[in-house]
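A.B. asks: This is the structure I want to talk about, given as structure tokens.
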Amino acid sequence: MAEFLELESQDGVRMPWNVLPGTKQEAANCVVPIASFYTPLKSFPNMPVLPYSPLRCRTCRSVLNPFSIVDFVSKIWICPFCLHRNHFPPHYHSISDENLPAELFPQYTTIEYESPSEKSTVPPVFMFVVDTCMIEEEIGFLKSALSQAVGLVPENSLVGLITFGTYVHVHELGYGQIPKVYVFKGSKEVTKDQLLEQMNFFMKKPRPSTGVIAGVRDGLSQESIERFLLPAFRLRVCLEFGLRGASERSLASISRSKGNKVHWHGIECGCTSIGSMCSWFWG
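Take the sequence shown: its letter number 253 is residue 253 in full-length UniProt numbering, and every next letter is one higher.
The structure is reproduced here in structure tokens:
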């Protein structure tokens with residue numbers, strides 16, 4: 001147990017399970033969801049910074065790490081998440097048991113990369129996931145607080161909005177002056193594939209048969225992404241339309257049992273939406 005506590009202290013990550021399930025059946029039998037609690041602002045005084053780009057799995061895009069299985073003879077590494085076999089690029093040809101790249105050091109479970117040849121021009125993304133199960137008077141304060149929050153983010157930021165009570169509402173903010181909402185049942189889990197299909201991401205072009213769907217590079221059109229993520233300065237205009245029906249929906253939510261609200265599915269929809277639309281989250 002002490003080992004896990006040390007890892008939590010070292011990386012700022014805590015997981016409900018110390019061992020991940022090896023099969024779909026084992027995953028289905030887990031009563032507590034497989035997740036991680038991450039501390040993004042944890043201070044790392046001696047954080048290693050590597051002056052090159054991360055090496056990613058071709059299938060799931062996870063990064064080469066100390067938990068990867070490495071074949072130094074064949075110059076192959078096996079992804080610990082999807083078990084895909086990846087070949088090392090030519091500049092890794094000299095690696096060996098005695099000559100490990102820094103990302104394979106056992107103690108380097110949290111590192112940063114700083115590639116001198118890559119300059120990030122991607123704007124930050126903020127997804128507001130808002131609980132609207134409240135009385136009408138509080139909705140007014142909510143709108144004011146959201147307007148202030150949007151005013152604090154950089155002008156070039158991309159912002160999306162999801163509200164939830166007994167149902168989860170994904171707002172299509174880029175639909176002109178007419179508010180449009182995709183509604184998902186709060187008590188039912190929505191997979192990434194279902195979300196992509198029901199929100200019509202591949203209405204104009206066929207969906208790729210393989211690989212991770214994470215932005216324009218994977219088949220999503222820029223037009224479809226802009227339906228849900230708007231620049232911050234445009235969201236200030238659309239925010240009133242996005243929350244116009246919140247009062248009616250919140251009163252309906254309160255009239256039901258408050259236990260029907262599922263915070264997890266609201267957050268899950270937000271994470272899934274961001275992961276589907278933003279390729280820079282996957283590298």
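Note that CB positions come from ideal geometry on N, CA and C, so glycine has one too.
1. Let's see if you can read the secondary structure: which residues bound the beta strand (DSSP E) around Leu172?
2. List the DSSP bridge partners of Glu112.
3. With 8 Å as the threshold, decide whether the Cβ of Ile34 is near any Cβ in chain D.
4. Hey, could you find the ends of the beta strand (DSSP E) Asn86 is sitting in?
5. Taking C-alpha atoms, which residue in Ile178, Glu197, Val170 and Gly174 lies nearest to Lys185?
6. Short check: CB of Pro101 to CB of Tyr113, under 8 Å?
7. Would a C-beta distance cut-off of 8 Å place Gln10 and Thr109 closer than the cut-off?
8. Let me confirm a value: residue 287 is counted as buried when at least 16 other C-beta atoms fall within 10 Å, else exposed. Which label applies?
9. Let me check understanding here. Comparing Cα to Cα, which of Leu50, Leu41, Gly165 and Phe105 lies closest to Val70?
10. Just to confirm, are Val63 and Leu50 a CB contact at a threshold of 8 Å?
11. Bridge partners for Tyr38 per DSSP, in chain order?
12. Look at the Cβ atom of Phe126, then the Cβ atom of Leu173, and state whether they are nearer than 8 Å.
13. Counting C-beta neighbours from all protein chains within 10 Å, is the total for Ala27 16 or more, i.e. buried, or is it exposed?
14. Just to check my reading of the structure: Val150 and Ala232 have Cβ atoms closer than 8 Å, yes? What is that Cβ distance to the nearest angstrom?
15. Check each candidate in Thr23, Val130, Leu146 and Glu223 and name the one with the smallest Cα separation from Leu83.
16. Among Thr166, Glu103 and Lys192, which residue has its Cα nearest to the Cα of Pro48?
C.D. replies: In short, the structure shows the following:
1. Reading the sequence as shown, one finds Glu at residue 172 and not Leu. Segment Tyr167 to Glu172, the beta strand (DSSP E) holding Glu172.
2. Val49
3. Checking the listed chains, one finds no chain D in this structure; it contains a single protein chain.
4. Arg85 to His87
5. Val170
6. no
7. yes
8. There is no way to answer for residue 287, as the model of the chain reaches only from 1 to 283.
9. Phe105
10. Contact flag unset, no.
11. Within the DSSP bridge table, the entry for Tyr38 names Val13 as partners.
12. no
13. exposed
14. For a cut-off of 8 Å, the C-beta gap from Val150 to Ala232 is around 6 Å, short enough to register as a contact.
15. Thr23
16. Glu103
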